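What follows is a short report on a single structure.
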Amino acid sequence: MGRNVSDSDSVRRQNRGLVLGALRVQGALSRTALATDTGLSHASITAITHDLIEQQIIVDLDPAEKSDSRGRGRPATLVGFNRHIGAAALFEIDVNRSRLSLVDYGGVLVDRIETPVTPTTFADTPPAVFLAQRLRQLQARNPAETSVLRRVAISVQGILDRDGRSLKWSPIAHLANRPFVQELADAFSLTVTLHKRGRLLAEGSRWLDPTLRDASVATVFVGSTVAMGMTFRGQILGRGEEGSTEFGHMNHMPNGALCRCGMRGCIEAYAADYGVLRTAYSVPETATPAPAVPPQEYEGLIARAEAGDRAAGHAFNIAGRAIGFGLGRMLAVFDPSHILVIGPGARALDLMLAEVRSALTGTLVCRINGLPQIIAHRDEKEPIFKGLMMKTLNAIDQDEFAGAPLRQSSS
2 MGRNVSDSDS VRRQNRGLVL GALRVQGALS RTALATDTGL SHASITAITH DLIEQQIIVD
62 LDPAEKSDSR GRGRPATLVG FNRHIGAAAL FEIDVNRSRL SLVDYGGVLV DRIETPVTPT
122 TFADTPPAVF LAQRLRQLQA RNPAETSVLR RVAISVQGIL DRDGRSLKWS PIAHLANRPF
182 VQELADAFSL TVTLHKRGRL LAEGSRWLDP TLRDASVATV FVGSTVAMGM TFRGQILGRG
242 EEGSTEFGHM NHMPNGALCR CGMRGCIEAY AADYGVLRTA YSVPETATPA PAVPPQEYEG
302 LIARAEAGDR AAGHAFNIAG RAIGFGLGRM LAVFDPSHIL VIGPGARALD LMLAEVRSAL
362 TGTLVCRING LPQIIAHRDE KEPIFKGLMM KTLNAIDQDE FAGAPLRQSS S
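In terms of our numbering, the sequence shown has 182 at position 181, counting the first letter as 1, and numbering is strictly consecutive.
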């Protein structure tokens, strides 16, 4: 008997998860469309949506307008998420800034707080204190929405430990090896999750561009660091559930330029903003990398290279060569159809592209299959935010609402 109950609960949770997952991917749907998308019977969809509406997890929406005015019959009633039943707080932290966003359960942005980050920010203020201050500010500004806050998710640059609960290394000064995830969870009695930016880049790119939803894509961030996330026919690849590749710290030149990570010869040491800056000004490769490069200085280097400055142009050629050879090595084990370059470096893609293509042309895979399509996407914030939001809301769907117990009848 116990096993039968357990099996029944498992099937119920799975089927509810399918419905919530379809709504998360497709948006509001009719019950007929839900049956088609999930493969469940119309009777099952009717029962599941009834229960989810009773629990106020989803709601009936206004009837959809018919696209064909000649159509007969009543327009279908759509079901969608109840925006007011939950919310999530999303931190995005990088070398230059912290951004905290509040989104409701329907994925609508409610409020946002952005704060500059400097090399001394987390030395002056412990990370958990910094994050808690901004989260309390968000609560004070949005009491109704944060009263149903269900999760806090944090995106960071760096290397996570194997269970994804702590940051072992980061280019963000004084952030790694600090128990800020657990301290924040204890302070607010909430689930707090930590996510690597490279993975979110890949996941967010798929959400933003439906044509890439089922493609094999390498998403490369070029800016203050160099990072990569990968999808293989829509599936996220990486080191563990919360990991992604360490593309930027792949060795490009043995005993080469000093990287922020402390190693020498990493791709990042040549292709990140500080690497380009160092090459353009002929600074010795053994010099300590700049802790941060102002965006306007990097933009100035791009403008100089576009205007024909030989030193700046050479620096971007070197950066493109490092990225190209790294991608060539990656292609030996993973063959994407698209390479999506995002971040500030996407604005310099034309300056690097000849060297990237030259390096890729020298690989066996590209000689046989041709070069993957290389695309520039200039706003790195949206893929990271979209990936973090969808991952967090999906976790609420599956972990909290798919298995939510039914209300007991009063009869």
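Note that the Cβ used here is the ideal one computed from N, Cα and C, for glycine as well. Computed from a predicted structure; not experimentally measured.
> What runs of the beta strand (DSSP E), each 3 residues or longer, lie entirely inside the region 66–145?
Replying inline: Secondary structure in the region 66–145: the beta strand (DSSP E) runs of 3 residues or longer, each lying completely within the stretch, are 79–82, 88–94, 98–105, 110–117 in chain order.
>> Using a Cβ-Cβ cutoff of less than 7 Å, which residues in the same chain neighbour Ala133 once the five nearest sequence positions on both sides are dropped?
In response: Taking C-beta separations shorter than 7 Å and ignoring five residues to either side along the sequence, the partners of Ala133 in its chain run Leu185, Ala188, following chain order.
>> Using only the alpha-carbon positions, how far apart do Val153 and Ser171 sit?
In response: Between Val153 and Ser171, the C-alpha separation is close to 20 Å.
> When the Cβ atoms of the region 108–119 are set against those of the region 46–59, are three or more pairs found closer than 8 Å?
Replying inline: In short, these stretches do not touch, since the Cβ pair count stays below three.
> Which whole-angstrom value describes the C-beta separation of Gly224 and Ala304, a residue pair presumed to lie in contact below a C-beta threshold of 8 Å?
Replying inline: With a Cβ gap of about 16 Å, Gly224 and Ala304 do not count as contacting.
>> Given a cut-off of 9 Å on the beta-carbon distance, is the pair Ala377 and Arg348 in contact?
In response: Cβ distance < 9 Å, so Ala377 and Arg348 count as in contact.
> Going by other Cβ atoms of all chains shown within 10 Å of its Cβ, with 16 needed for buried, is Gln158 buried or exposed?
Replying inline: Gln158 should be labelled buried.
>> Please report the distance separating the alpha-carbon of Val104 from that of Leu389.
In response: So the two alpha carbons sit approximately 11 Å from each other.
> Going by alpha carbons, who is nearest to Met231 out of Arg311, Pro337, Glu146, Asn252?
Replying inline: Checking every option, the nearest Cα to that of Met231 belongs to Pro337.
>> Please report the straight-line C-alpha distance between Gly276 and Thr226, rounded to a whole angstrom.
In response: So the alpha carbons of these two residues sit roughly 9 Å apart.
> Hey, would you say Ile1 sits closer than 9 Å to Ile340, going by beta carbons?
Replying inline: The structure shown has nothing for residue 1, since the chain only spans 2 to 412.
> DSSP three-state call for His253: helix, strand or coil?
Replying inline: Assigned with DSSP and collapsed to three states, His253 falls in coil, not helix or strand.
> From Glu401, Met391, Pro127, His196, pick the residue whose C-alpha is nearest to that of Gln27; which is it?
Replying inline: Gln27 has its Cα closest to that of Met391, out of Glu401, Met391, Pro127, His196.
> Of all the CB atoms in chain C, is at least one closer than 9 Å to the CB of Ala203?
Replying inline: The structure shown contains no chain C; it is built from a single protein chain.
> Where does Gly205 land, buried or exposed, given buried means 16+ other C-beta within 10 angstroms?
Replying inline: Buried is the label assigned to Gly205, since at least 16 other Cβ atoms lie within 10 Å of its Cβ.
>> In the DSSP assignment, the beta strand (DSSP E) including Leu361 goes from what residue to what residue?
In response: Not the beta strand (DSSP E): Leu361 falls in the alpha helix (DSSP H), residues 350–362.
>> If contacts are defined as beta-carbon pairs under 8 Å, then Gly249 and Ala219 qualify, I think. What distance do you get, rounded to the angstrom?
In response: Contact between Gly249 and Ala219 is absent: CB atoms are separated by about 13 Å, not below the 8 Å threshold.
> What separation, rounded to the nearest whole angstrom, lies between the Cα atoms of Ala405 and Asn16?
Replying inline: Near 12 Å, if we compare the C-alpha coordinates of Asn16 and Ala405.
> Based on Cα-Cα distance, which residue from Ala34, Thr78, Lys387, Ile155 lies nearest to Leu91?
Replying inline: The option with the nearest alpha carbon to Leu91 is Ile155.
> Looking only at C-alpha atoms, which of Leu30, Thr289, Glu286 sits nearest to Ala77?
Replying inline: Sorting Leu30, Thr289, Glu286 by C-alpha distance to the C-alpha of Ala77 places Leu30 at the top.
> If you draw a straight line from the C-alpha of Glu242 to the C-alpha of Glu93, how long is it?
Replying inline: With a pLDDT of only 40 at Glu242, under 50, the local geometry of the prediction cannot be trusted, and the value read off the model is given with reservation. So the alpha carbons of these two residues sit roughly 19 Å apart.
>> Is it the case that the region 351–366 contacts the region 325–334, given that we only count it when at least three CB pairs across the two stretches are under 8 Å?
In response: Flag = yes, the region 325–334 and the region 351–366 touch.
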